[in-house]
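What follows is one structure encoded as structure tokens, with my remarks underneath.
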Amino acid sequence: MSLEDLYREVIIDHYRSPRNREPLKHADTRAEGVNPLCGDEVTVELELSEDGSIDAISVRGQGCSISQSSASMMSELVKGKSRDEIEEVVEKFRAMMDLDGDATDVIDPEKPGSVLGDIEALYGVRKFPVRIKCANLPWTTLAEALERTN
Amino acid sequence: MSLEDLYREVIIDHYRSPRNREPLKHADTRAEGVNPLCGDEVTVELELSEDGSIDAISVRGQGCSISQSSASMMSELVKGKSRDEIEEVVEKFRAMMDLDGDATDVIDPEKPGSVLGDIEALYGVRKFPVRIKCANLPWTTLAEALERTN
Amino acid sequence: MPSLDTAAIRSDFPVFERLIGGKQIHFLDSGASSQKPSQVLDAMTEFAAHHYANVHRGAYTLSLEATTEFERCRSSVARFIGATSPNEVVLTRGATTALNQIAFGWGGEHLRAGDKILLTTFEHHANLIPWQMVARRTGAQLDFVPFNEDYQFDIDVFEAKLDTDVKVVAVTGMSNVLGTLPPLRQIVEQSHSVGAIVVVDGAQLVPHLGVDVTDLGADFVAVSAHKMLGPTGIGFLWGRMDRLEEMEPFEGGGEMIADVTLESATWAQIPHRFEAGTPAIIESVGLTAAIEYLEALGMDAVAAHDAELTAYALGRLADVPDLTVYGPSDLSKRGGVISFTLGDAHPHDLATILDSEGVSVRAGHHCAKPLVRALGVPATARASFYVYNTTDDVDALLDGLSVAADIFSPSRVV
Amino acid sequence: MPSLDTAAIRSDFPVFERLIGGKQIHFLDSGASSQKPSQVLDAMTEFAAHHYANVHRGAYTLSLEATTEFERCRSSVARFIGATSPNEVVLTRGATTALNQIAFGWGGEHLRAGDKILLTTFEHHANLIPWQMVARRTGAQLDFVPFNEDYQFDIDVFEAKLDTDVKVVAVTGMSNVLGTLPPLRQIVEQSHSVGAIVVVDGAQLVPHLGVDVTDLGADFVAVSAHKMLGPTGIGFLWGRMDRLEEMEPFEGGGEMIADVTLESATWAQIPHRFEAGTPAIIESVGLTAAIEYLEALGMDAVAAHDAELTAYALGRLADVPDLTVYGPSDLSKRGGVISFTLGDAHPHDLATILDSEGVSVRAGHHCAKPLVRALGVPATARASFYVYNTTDDVDALLDGLSVAADIFSPSRVV
Ligand SMILES: Cc1ncc(COP(=O)(O)O)c(C=O)c1O
Ligand SMILES: Cc1ncc(COP(=O)(O)O)c(C=O)c1O
């Protein structure tokens, strides 16, 4: 299965059936992100444990399949992770979407999904640079939510 | 003598020694003209007789040799003339400066000065279209002064 | 018989020589900005290469040539829109600046608390935000005419809202989202009967259907060159002379003054008082060439061509399952702009998928957020036509939409 | 050794291929606007022909290419002027619009009755009239620093007038009439010490001497592209980020909003909130090319070349009987602009006579009426230099002046 096909199926699935959408009752932190160029919106809410790991996450928003599936897949990826693990994932995602770098340093195109799971489907977005901001939106919003706890 | 030489001598003469510059004590009408593009200024004052002919004229102003000599030469040309005669002169001058027309219908390049006198020196200005407005400024100001008496 | 010889026209537009990803370009975004024919590009280059200098005040040959060309643009615009004099034409940066000049320069001077500014709910931000700013400054109130159930200008609401408190009616000549053509003539007549001035946002109207401003009888019209085959960086404002006389300059600077002391200044004659600073000189040559190009085609033929393509496209789109078109079904009430959504596919995704099929459409709120919100969607995709488009482009759009439909088909859900 | 290889440079400028009336063009009016190298024209044409679309919001290839080029212009400007971030660069229609944006958008918001705006008596109308308008609106007072007996910025008067009522010091970086270079660094330092912001009109300074805005420490700088080898229709405003944050948008429209309802709007991030409407897209490509051209020459070399020609010209002009030069005699205090009069010959006559000898100079008040009035003349003639000028051009000027001197010589009086 080519990465492009993966892109299509996984993305549409997360777009249609976004995970972790339920608002949190006792969120410790939250942030809202908007992509002013296309109007896409993402809200991230987090419940954190003492040590800073993510106990629960809610992502909601509206926008294209790229931003909304990215939000959904991100929520699955970071839930339950420690602060260090999150930082590692964030860095890998950033590297994967960085057109100045070579994503194959991070992920293995031969074994799609082996490093970051579903969200590697967004690798295909590199072919549409104008949409990279969409893929990144939930991640920058997550970063902002985490920053607010510092 | 070529028209261009005529242009130079007569124009510089009227520029340096403008005629009819004394303000009129009992002007019946006056008008001020400005060329907004270059800032040249001309003031025209007239004393008129009952029948509308020009008994006395004063032209003053500041600006380039074209506008100021045109004013001086115009003042000599119209002084003492009847309303009809002025109209004729104005029309001939207009035709001489009209780039869409052929000035030789009006004046005779073989006999410079034979139709409008000194002011035919301004014929040379046709070669510098941007300066035609300068030559015309005193004339449009005269027209305005006359209009105010109607 | 087709209205335009599109094969000949397309050969004038170098962009169509290009392939992107091996595919021909099906450019369906002229509503945002049009492509440029080589006649326009060549005229600008030749002028800039051999006849360029700053305009006005220059007593030398190049400066005279440049001034002559610049003023020829003004005359060309006047002829193109049927103005009674070139002096009624103010050359601006574009439609946005023209509308700001009108809103601040006329509205800012003449509106008072209690006055009303009547707009539509489907204005482009360029004909909305300046009025919001001016309303805030003057205390005037905004009010809005909505579209009716067929996405047409709701004339009944307009008549109900029009009273003597209304001092300005500012309305688009053609909606850049719905394609709607408000009944301008009637709007002008009724507005004038209550003493309101009429400002027409002609950014879409004039490139596609032309205008005769004298015949229309409006007070102000704003237009951009870049949507009518011309360059960016230039547009124009037409105003009836008596309204221009009531307008204050929006910007101060060179070329717009009669006299200046350290403390104060008096304004130059109209239109120069509204053109502070060095204008878009090279661009004026391009605008003249664009106007001459459109005049050679004939604006009736341009409008007919748009209408033919629109009818063809709407016919084909009607057969696409789950596709919704937002705009008048009455073809006589709309121009060549088609907004649509396809099922639950987000318009940005549609645009990306269509792009990979060579089809350029715009997706988003099209600088008309209140309208798109009123449509109840986060965004629409929009295809818009111009002189170089053909039914081939529409067919490519339909092919692209079927790729998108396939990707977003429910059966693909894992 | 000359600073620039003018022969190579001149071959880049197609205008110099041309003869007017059989004569070579000696273009000495770059102070009004510069000529354009083919690098700039070619970049614009190639872009407009094959990569054009409206910027932002477009999800298709052409639109992405256009947006990338447009933003590359912003980065190029930032690099050229030493801005800390491209976000500090607002692309405008030109210096005039930039100065109006600053005067209305910052001054209109922050000035109060009793505040003072300190200008010089030798500002271009573009840096005078907007402040007059804003003073009228806000009740702030204008005050002026004159030039001293050597036509330099009178620093003593400046220091005497600078007090804590002064909220804005707006000063030209280089006078377009006198060539005067005010001591910007000192002005910035002293103005900041009383809490005033400093607005630099960089229209002449930046094309000829360059600038490092971060190093200079001013608050705002305004520049036009057309005076620095670039196209008309574009220029830029640089502002320090904290000042830009204090500035309100001058125009409303598309692309400058975050959210819009029918009643109100919130602004997009800086710099986009200051760029309403479709920007000068094709022109942005030309500005980038112009910057790259100047960078390849090196701004130090450009400035040195101007200085060499100015010294040469002033030397030769000193020998012309009845000729008066208006501008600093201290060469380190002036740029490559020389204003002069010749006896009682009116400057417009000089310009016409010089033009027939192939020499292009400007004559008039140079959009600085209060200054020219203070000089006690109705107008001046002005020669100004740029990268393509040579001592040949200066020699042609001198030859032309001797023709003029002959025509206006007292002996010719009948
Ligand atoms: C209806 C309408 N009005 C105004 C504008 C603004 O035009 P510009 O961005 O060229 O200033 C546009 C173009 O986007 C438009 O479609
Ligand atoms: C010193 C100075 N400031 C401002 C301007 C205005 O620039 P522009 O006309 O390009 O807006 C000019 C150019 O004429 C100038 O020389």
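Protein chains in written order, with my numbering: chain A, 1 to 150; chain B, 1001 to 1150; chain C, 2001 to 2414; chain D, 3001 to 3414. Backbone N, C-alpha and C define an ideal beta-carbon position, used for all residues, glycine too.
Practice task
Take the Cβ of residue 3195 of chain D as the centre, count every other Cβ of all protein chains shown within 10 Å, and call the residue buried at 16 or more, exposed below.
Solution key: That one is exposed.
Practice task
Answer yes or no: the CB of residue 3415 of chain D versus the heavy atoms of ligand 1, is any distance below 8 Å?
Solution key: Residue coverage of chain D in this structure runs from 3001 to 3414, which leaves residue 3415 of chain D outside it and unanswerable.
Problem - Contacts around residue 2094 of chain C, its chain only, beta-carbon distance under 6 Å, and the 5 residues preceding and following it disregarded - result: Cβ contact annotation for residue 2094 of chain C (same chain, cutoff 6 Å, sequence separation greater than five): 2224 and 2235, in chain order.
Handout entry: Cβ shell of residue 3369 of chain D (< 8 Å), same chain only, five flanking positions each side left out
Key = Closer than 8 Å at the Cβ level, and outside the excluded window around residue 3369 of chain D, lie 3125.
Practice task
Would you mind sorting residue 92 of chain A into buried or exposed? The rule is 16 or more other CB atoms within 10 Å of its CB.
Solution key: Buried is the call here.
Handout entry: Under 9 Å from the C-beta of residue 1129 of chain B: neighbouring residues of chain F
Key = Looking for chain F here will not work: the only protein chains present are A, B, C and D.
Practice task
Compute every distance between the C-beta of residue 2099 of chain C and the non-hydrogen atoms of ligand 1, then say whether any falls below 8 Å.
Solution key: Correct: residue 2099 of chain C has its Cβ closer than 8 Å to ligand 1.
Exercise for the section: Using beta-carbon positions only, say whether residue 3237 of chain D and residue 3391 of chain D come within less than 9 Å of one another. Expected result: Cβ distance not < 9 Å, so residue 3237 of chain D and residue 3391 of chain D don't count as in contact.
Handout entry: Interface partners of residue 3269 of chain D on chain A, CB under 9 Å
Key = What residue 3269 of chain D touches in chain A, judged by beta-carbon distance under 9 Å, is 36, going in chain order.
Exercise for the section: Consider the C-beta atom of residue 2284 of chain C and the heavy atoms of ligand 2; say whether any pair is separated by less than 8 Å. Expected result: Look at residue 2284 of chain C: its beta carbon is at least 8 Å from all of the heavy atoms in ligand 2.
Problem - Close-in-space but distant-in-sequence residues of the same chain around residue 3415 of chain D (CB under 6 Å, 5 per side omitted) - result: Residue 3415 of chain D lies beyond the stretch modelled for chain D, which goes from 3001 to 3414, so this question has no answer here.
Practice task
With a threshold of 8 Å, establish whether the CB of residue 2204 of chain C neighbours any heavy atom of ligand 1.
Solution key: Correct: residue 2204 of chain C has its Cβ closer than 8 Å to ligand 1.
Practice task
Would you check whether ligand 1 has a heavy atom nearer than 8 Å to the C-beta of residue 3242 of chain D?
Solution key: Here the distance from the Cβ of residue 3242 of chain D to the nearest heavy atom of ligand 1 is not below 8 Å.
Exercise for the section: Measure the alpha-carbon distance for residue 3189 of chain D versus residue 3134 of chain D and round it to whole angstroms. Expected result: Approximately 25 Å between the Cα atoms of the pair.
Practice task
Alpha carbon to alpha carbon, how far is residue 3141 of chain D from residue 2089 of chain C? Give it in angstroms, no decimals.
Solution key: In this structure, the straight-line span from the alpha carbon of residue 2089 of chain C to that of residue 3141 of chain D is close to 35 Å.
Problem - Cβ-heavy atom distance, residue 3356 of chain D to ligand 2, below 8 Å - result: No; taking the cut-off as 8 Å, the Cβ of residue 3356 of chain D has no heavy atom of ligand 2 nearer than that.
Exercise for the section: Kindly indicate the opening and closing residues of the alpha helix (DSSP H) around residue 3237 of chain D. Expected result: Residue 3237 of chain D -> not in any alpha helix (DSSP H); beta strand (DSSP E) instead, spanning 3235 to 3239.
Practice task
Indicate whether at least one CB of chain C lies closer than 9 Å to the CB of residue 66 of chain A.
Solution key: Residue 66 of chain A counts as touching chain C.
Problem - Contacts around residue 1086 of chain B, its chain only, beta-carbon distance under 6 Å, and the 5 residues preceding and following it disregarded - result: These residues qualify, in order along the chain: 1078.
Problem - Closer than 8 Å: residue 2335 of chain C CB and nearest ligand 1 heavy atom - result: At a threshold of 8 Å, residue 2335 of chain C does not count as near ligand 1, since its beta carbon sits no closer than that to any of the ligand's heavy atoms.
Problem - residue 2250 of chain C - DSSP class collapsed to helix/strand/coil - result: Look at residue 2250 of chain C here: in three-state DSSP terms it is coil, with no helix or strand label.
Exercise for the section: May I ask which residues mark the beginning and end of the alpha helix (DSSP H) holding residue 2339 of chain C? Expected result: First-last for residue 2339 of chain C: 2337 to 2342, but that is the beta strand (DSSP E), not the alpha helix (DSSP H).
Handout entry: Span separating the alpha-carbon of residue 3034 of chain D from that of residue 3337 of chain D
Key = Between the C-alpha atoms of residue 3034 of chain D and residue 3337 of chain D there is a straight-line separation of about 13 Å.
Problem - Exposure of residue 2116 of chain C, with buried meaning 16 or more beta-carbon neighbours within 10 Å - result: The residue is buried, with at least 16 neighbouring Cβ atoms inside 10 Å.
Handout entry: Delimiting residues of the beta strand (DSSP E) encompassing residue 2369 of chain C
Key = In this chain, residue 2369 of chain C is not harboured by any beta strand (DSSP E); it is covered by the alpha helix (DSSP H) spanning 2369 to 2374.
Exercise for the section: Closer than 6 Å by C-beta to residue 3055 of chain D: which residues in its own chain qualify, once you throw out the five before and the five after it? Chain order, please. Expected result: Cβ neighbours of residue 3055 of chain D beyond the five flanking positions: 3066, 3067, 3070 and 3281.
Problem - beta-carbon residue 2201 of chain C near ligand 1 non-hydrogen atom, thresh 8 Å - result: Yes, Cβ of residue 2201 of chain C sits closer than 8 Å to a heavy atom of ligand 1.
Handout entry: residue 17 of chain A versus residue 2344 of chain C - alpha carbon distance
Key = Rounded to the nearest angstrom, the two C-alpha atoms are 12 Å apart.
Exercise for the section: Compare the C-beta of residue 1 of chain A against all C-beta atoms of chain D and say whether one is closer than 9 Å. Expected result: Unreliable positioning characterises residue 1 of chain A in this predicted model, as indicated by a pLDDT of 35, which lies under 50. A coordinate reading is not provided.
Problem - Cβ of residue 2100 of chain C within 9 Å of any chain D Cβ - result: Closer than 9 Å to some Cβ of chain D, the Cβ of residue 2100 of chain C qualifies, so yes.
Problem - Cβ pair count under 8 Å reaching 3, the stretch 1063 to 1081 of chain B against the stretch 3339 to 3357 of chain D - result: Contact between the stretch 1063 to 1081 of chain B and the stretch 3339 to 3357 of chain D is present, because at least three Cβ pairs lie under 8 Å.
Handout entry: Pick from C:2184, C:2005 and C:2289 that is closest to residue 2040 of chain C, judged by C-alpha positions
Key = The shortest C-alpha separation from residue 2040 of chain C is found at C:2289.
Problem - Check: residue 2208 of chain C C-beta below 8 Å from any heavy atom of ligand 1 - result: No - ligand 1 has no heavy atom lying nearer than 8 Å to the Cβ of residue 2208 of chain C.
Problem - Beta carbon proximity, residue 2414 of chain C to chain A, threshold 9 Å - result: In this prediction, residue 2414 of chain C scores a pLDDT of 42, lower than 50, which makes its location untrustworthy; the coordinate-derived value is nonetheless stated afterwards. So, interface residue.
Exercise for the section: At 9 Å on the CB atoms, spell out the chain C contacts of residue 3073 of chain D, in chain order. Expected result: Those do not exist, as residue 3073 of chain D stays about 12 Å from chain C at its closest Cβ, beyond 9 Å.
Exercise for the section: Could you tell me which residues DSSP puts in a beta bridge with residue 1046 of chain B? Expected result: Listed as beta-bridge partners of residue 1046 of chain B by DSSP are B:1029 and B:1057.
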